[in-house]
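Numbering (UniProt numbering), first residue to last: 1 to 51.
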């Protein structure tokens with residue numbers, strides 16, 4: 001899954017859990033991993049990234 005996301009050109013991954021197996025692949029591919037609470041509004045999280 002990590003390589004799939006990198007190949008798609010994903011820049012940011014919002015996840016409620018740690019990604020220990022795919023973390024190295026994602027980071028090497030330039031994907032920023034952001035851990036968020038379950039149920040958190042995606043728009044709110046993305047707006048925080050802009051600041």
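Built from N, CA and C at the ideal position, the CB exists for glycine as well.
Just so we're clear, the structure is a prediction, and the values are computed from it rather than from any experiment.
Here DSSP, grouped into helix, strand and coil, assigns residue 37 to coil. Per DSSP, the continuous beta strand (DSSP E) segment holding residue 12 begins and ends at 12-15. Residue environment: residue 8 is assigned as exposed (fewer than 16 neighbouring CB atoms within 10 Å of its CB, all protein chains considered).
The beta carbons of residue 31 and residue 10 sit closer together than 8 Å.
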